[in-house]
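With the working numbering applied, the sequence shown closes on residue 214, and no number is skipped along the way.
Heads up, the beta-carbon is just placed ideally off N, CA and C, and yes, glycines get one too.
Heads up, the thing below is written out as structure tokens.
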Amino acid sequence: MPYLPQLLTLIGVWIIALISPGPDFIVTMRYSIAHSRRDGVFVALGIATGTTIWVTAGIIGLGVLLTQLSWLVFIMRTVGALYLAYLGIKAILNAHHPMQTLMEGVGSLSSRRMSSWRVGFLTNISNPKALAFFVSIFVTLLPAHPPFWFQVTIIMIMVVTVATWFCIVACLFSLEPITRMYRRAKKWLDYLTGGLFVALGVRLALSK
7 MPYLPQLLTL
17 IGVWIIALIS
27 PGPDFIVTMR
37 YSIAHSRRDG
47 VFVALGIATG
57 TTIWVTAGII
67 GLGVLLTQLS
77 WLVFIMRTVG
87 ALYLAYLGIK
97 AILNAHHPMQ
107 TLMEGVGSLS
117 SRRMSSWRVG
127 FLTNISNPKA
137 LAFFVSIFVT
147 LLPAHPPFWF
157 QVTIIMIMVV
167 TVATWFCIVA
177 CLFSLEPITR
187 MYRRAKKWLD
197 YLTGGLFVAL
207 GVRLALSK
């Protein structure tokens, strides 16, 4: 297979970037611990949906166009920063509420699933730096004119990998010992994760 070395290199770089903690990791962890494994999995699926859009856009070269639209990048970055700050402030404000109270206010199972998926999707899609990342690794690691089947293969592998990884994160952080620890230290952990979201939002807003 003539493209196997490039494919393996790309997967290796992608996995290293994927497991590095960031907004996607934090939001999956929080929803898995504070709500349920199912909520964490739906957050993971939302992240995978956003990744599908970024990977597809990156591989067809929309990143080049986006670099010419600085106003659009600014809007996306601002919206993403505000959304992360919103998640952080929401976590901080809920820090004093018991878990049972929060669970009673999230509505039906179907609405919870959609809400969790939406949180994952918006967290991922609101970061335009993702497109710059994908464009940079595609330009660096892919041949000049890869065939269509190879591009589709890359998209599928990267999306399946991100969905698998964050589903694993959701399963790990929804284990009973971890959720039990969270219940005992809920207030301070909510302050911590809320502060991290706000800090990530500020970092995104100030990034160039």
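Are the CB atoms of residue j and residue i within a distance shorter than 8 angstroms?
i, j, result
"T62", "I161", "yes"
"F216", "T34", "Nothing can be reported for residue 216: it is not among the residues displayed for the chain, which extend from 7 to 214."
"L90", "P29", "yes"
"A157", "I65", "For the sequence presented, residue 157 should be read as Gln rather than Ala. Contact flag set, yes."
"A221", "S38", "The displayed coordinates of the chain run from 7 to 214. Any statement about residue 221 would go beyond what the structure contains."
Does DSSP put residue i in a helix, in a strand, or in coil?
i, result
"I25", "coil"
"P11", "helix"
"L202", "helix"
"A97", "helix"
"N133", "coil"
"Q106", "Low local confidence applies: a pLDDT of 47 at Q106 is under 50, so the model's placement there is unreliable, with the coordinate-based value given in what follows. Reduced to three states, the DSSP call for Q106 is helix."
"G113", "With a pLDDT of 48 at G113, under the threshold of 50, the modelled position of that residue is not reliable, and the figure given next carries that caveat. Three-state DSSP puts G113 in coil, outside helix and strand."
"L90", "helix"
"L195", "helix"
"L212", "helix"
Give the range of the alpha helix (DSSP H) segment to which residue i is assigned.
i, result
"P183", "E182 to R190"
"A50", "R43 to I65"
"L178", "F154 to F179"
Decide if residue i is buried, meaning its Cβ has at least 16 other Cβ atoms within 10 Å, or exposed.
i, result
"V166", "exposed"
"A23", "exposed"
"L206", "buried"
"W20", "buried"
"M164", "buried"
"G113", "Summary for G113: the model assigns pLDDT 48, below 50, so the residue's position carries little reliability, and this model does not support an answer."
Tell me whether the stretch 196-207 and the stretch 83-98 touch, counting them as touching only if at least three CB pairs, one residue from each stretch, are closer than 8 angstroms.
As far as the Cβ criterion goes, the stretch 196-207 touches the stretch 83-98, which means the pair count is three or higher.
Does the stretch 167-181 touch the stretch 35-54, meaning 3 or more C-beta pairs lie closer than 8 angstroms?
Contact annotation: the stretch 35-54 touches the stretch 167-181, with at least three C-beta pairs closer than 8 angstroms.
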